[in-house]
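Residue numbers (the numbering used here): 378 to 1115.
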């Protein structure tokens, strides 16, 4: 006899037309007989062909219960309800033999399952134990009930858990309020400032220790008596003194936090309890919202769902989608009545079009509040190994919503053309137009965000704002050789740079766009050579200029993982390009110089006639300068060894430094021997990502990225650090000798 290993899951939706007794008791038109379904109770089989099936059930249960303890007795009403549900779905269970006394079914008198649970939706998982053939040589199979999931019971459990969480939350909030009142003097504000300062001190001490190590190493390699050696000695002494001062402040702050009963530290612990319970409440509410209300009586008939088959969803009708979007776009007032966590849950369940439509109507403050709730939800569900299928689906929905929240919205919905921001407007100024008039006409758009071609008859000084532009590196401006007699024409979009052209562009997000596509600051998908760029495909791009253009355009949330993926030589080149953008800023915004943009660079003539040439000059708007500085800052953080603190794990370091806990594997890849040391210390492979790394003395400093920065970049970083410190009077060799 063949014994297969597979299981079958049959989904029972709430019945549209519950079967009546006469249908079950009919002797000739029996669904069980037609579908060769046998039902047994304690080894005795029901005989549907003899009619009066419900009476047979009563008799068999009476006999069965006579030989069972009270805890194992069957409930006749529940058994009859379950048999009716089987009859409604008999075509999904052809050739099956089921034992109605199986305790997994939950049909006993003393269990928690009631007839109401059976009348609502549930999922029945059956495991085939053996197969055979009947008298007609048709296959039959004997099954055990593997599990039953009742929708109503799940909702009741969640509601019960929600009630317990609400009770605990109310108690802890009262305790929190009492502690804050007893401490007095704006305790919560003082605690917030103290914790913020505590974090700053930890970061400064970590940077200070790294700087001290670097200076001490250089001091040991520098010849004694040289000016640099003397300078380093003073820097080391100053760094040690600064470190001692920071530690004194840290000690004083810790005493302040622990003073009193209750103390600020105790209030902080109480705040964390309350925050944890609020997060639990938010998650439970999201689960309840996802489950929705019980299905209506019009629900379609159920269908078998093999556990190893992927379910497919039927696309919604376009007309119904439009109606749904219309309904949701008019419910903004209702949405505003909900707390932020509920708003996020409602928005996440909407279609992308409906999300964009509603978000476009919300204020920046409202969107920011929802974004905070979305970020918190994703942070609480960051570990994919701890999520069930439904939670993974929720994470996917919240991730899409997060992308829409990160993308600035310039239109109010579908069908409304996107108005370009002021940064992309080009306003020609003719030679006979006064500069002041031009400024008045464009008062609505920031001058720093305009691209204004200047003719030869216009005075040089008012033309200075034209150097500041919000165009990408593919733009160039008209040559400045136009004569005064020629009226100025609107500046055309420049061609891509003749050398190093990256062919980076943006397209609207569509249904075919990959979920992990890189998005620009407007929420459009970034393309390279006509292909949408993802994190994986970004790593395969060989053109460093193209990568730099993508880094200058990509959203903030995606920047750090991209920089972390760069190999050492490309990091050095990207750093050089970003430094070039920052260095161009004084030239681009000085009213006393003449600026000419060419295809790949900018030629600057100063008031004294000195000619300077800069690369990457088309990146000169305030947003560009900010992004270039951001790139340099993140590269500095990634290329410096990370000082491990107590409680640090691979996952938490990856989230802090790379922007996502899913990059935790890079910590082990870039620090050979760490994983082996953890395994030798008794860590299992399943717990590596969440183990405290501070106990491994040989790995107190971790490399975050592959390789190290070239020496020239190290020197640049040192010079930046030295510029940020108080000036140290430098001794001349003569003074040193004296």
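Every residue gets a Cβ at the ideal spot worked out from N, C-alpha and C, and that includes glycine.
In this text the structure is predicted, and so the values were computed from the model without any measurement.
Among the candidates the options, whose CA atom is the shortest distance from the CA of residue i?
i: residue 1064; options: 1047, 760, 1023 and 434; result: 760
i: residue 931; options: 951, 921, 948 and 899; result: 899
i: residue 780; options: 628, 733 and 502; result: 733
i: residue 775; options: 751, 784 and 764; result: 751
i: residue 584; options: 714, 521 and 1022; result: 1022
i: residue 537; options: 907, 725, 1007 and 665; result: 665
i: residue 655; options: 546, 409 and 391; result: 546
i: residue 657; options: 633, 601 and 542; result: 542
i: residue 474; options: 498, 416 and 442; result: 416
i: residue 616; options: 639, 603 and 588; result: 588
i: residue 555; options: 439, 638 and 926; result: 638
i: residue 999; options: 959, 448 and 1019; result: 959
i: residue 1048; options: 643, 1019, 1080 and 883; result: 1080
i: residue 744; options: 716, 559 and 882; result: 716
i: residue 388; options: 634, 465 and 621; result: 465
i: residue 888; options: 524, 897, 902 and 882; result: 902
i: residue 1117; options: 605, 444 and 530; result: With the chain covering only 378 through 1115, there is no way to say anything about residue 1117.
i: residue 884; options: 892, 893 and 907; result: 907
i: residue 663; options: 498, 397, 446 and 725; result: 725
i: residue 633; options: 526, 570, 598 and 653; result: 570
i: residue 449; options: 486, 1013, 463 and 516; result: 486
i: residue 577; options: 933, 540, 605 and 626; result: 626
i: residue 1077; options: 645, 428, 1030 and 893; result: 1030
How would you write the range of the beta strand (DSSP E) that residue i sits in, first residue to last?
i: residue 522; result: 516 to 527
i: residue 327; result: Within the shown structure, residues of the chain are numbered from 378 to 1115, placing residue 327 beyond reach of any answer.
i: residue 387; result: 384 to 389
i: residue 903; result: 902 to 905
i: residue 934; result: Counting along the chain, residue 934 falls outside any beta strand (DSSP E), though it belongs to the alpha helix (DSSP H) covering 933 to 941.
Can you give me the C-alpha to C-alpha distance between residue i and residue j, rounded to a whole angstrom?
i: residue 1025; j: residue 1032; result: 11 Å
i: residue 651; j: residue 566; result: 17 Å
i: residue 564; j: residue 1028; result: 32 Å
i: residue 496; j: residue 1073; result: 57 Å
i: residue 714; j: residue 735; result: 14 Å
i: residue 784; j: residue 1034; result: 22 Å
i: residue 718; j: residue 919; result: 43 Å
i: residue 478; j: residue 418; result: 5 Å
i: residue 600; j: residue 593; result: 13 Å
i: residue 492; j: residue 1045; result: 54 Å
i: residue 942; j: residue 528; result: 44 Å
i: residue 676; j: residue 756; result: Its pLDDT being 36, under 50, residue 676 is placed unreliably in this model, and the value from its coordinates should be taken loosely. Distance between the alpha carbons of residue 676 and residue 756: 35 Å.
i: residue 746; j: residue 619; result: 39 Å
i: residue 749; j: residue 731; result: 20 Å
i: residue 426; j: residue 410; result: 7 Å
i: residue 963; j: residue 574; result: Only weak support is given to the placement of residue 963: the predicted model assigns it a pLDDT of 49, under 50, and the value that follows is read from those uncertain coordinates. So the two alpha carbons sit approximately 34 Å from each other.
i: residue 505; j: residue 414; result: 14 Å
i: residue 795; j: residue 778; result: Residue placement at residue 795 cannot be trusted, given a pLDDT of 40 that sits under 50; what the coordinates show is reported in the next sentence. Roughly 20 Å between the two C-alpha positions.
i: residue 904; j: residue 782; result: 21 Å
i: residue 1015; j: residue 1008; result: 11 Å
i: residue 452; j: residue 458; result: 10 Å
i: residue 441; j: residue 517; result: 25 Å
i: residue 352; j: residue 722; result: This structure does not reach residue 352, given that the chain is present from 378 up to 1115, and the question cannot be answered.
Taking 7 Å as the CB-CB limit, is residue i close to chain E?
i: residue 487; result: As a matter of chain content, chain E is missing from the structure shown, which is built from one protein chain.
Name the one or two DSSP bridge partners that residue i has.
i: residue 894; result: 911
i: residue 362; result: Absent from the model: residue 362. The displayed extent of the chain is 378 to 1115, so no value can be given.
i: residue 558; result: Per DSSP, none; premise fails for residue 558.
i: residue 1019; result: 1079
i: residue 882; result: 904
i: residue 485; result: 451
i: residue 421; result: 418
Would you kindly report the start and end of the unbroken alpha helix (DSSP H) that includes residue i?
i: residue 633; result: 604 to 635
i: residue 751; result: 741 to 757
i: residue 921; result: 921 to 930
i: residue 590; result: 564 to 598
i: residue 734; result: 729 to 738
i: residue 1056; result: 1051 to 1057
i: residue 660; result: 641 to 668
i: residue 410; result: 408 to 411
Worksheet entry | Stretch pair the region 463 to 473 + the region 431 to 440: three plus CB contacts closer than 8 Å | The region 463 to 473 is not in contact with the region 431 to 440.
Practice prompt. Mind the definition here: the region 911 to 928 touches the region 937 to 951 only if three or more C-beta pairs lie below 8 Å; say whether that holds.
Written response: Short answer: they touch.
Worksheet item: Should the region 998 to 1017 be regarded as contacting the region 1053 to 1064, the criterion being three or more beta carbon pairs within less than 8 Å?
Response: No, because fewer than three Cβ pairs between the region 998 to 1017 and the region 1053 to 1064 fall closer than 8 Å, the two stretches do not touch.
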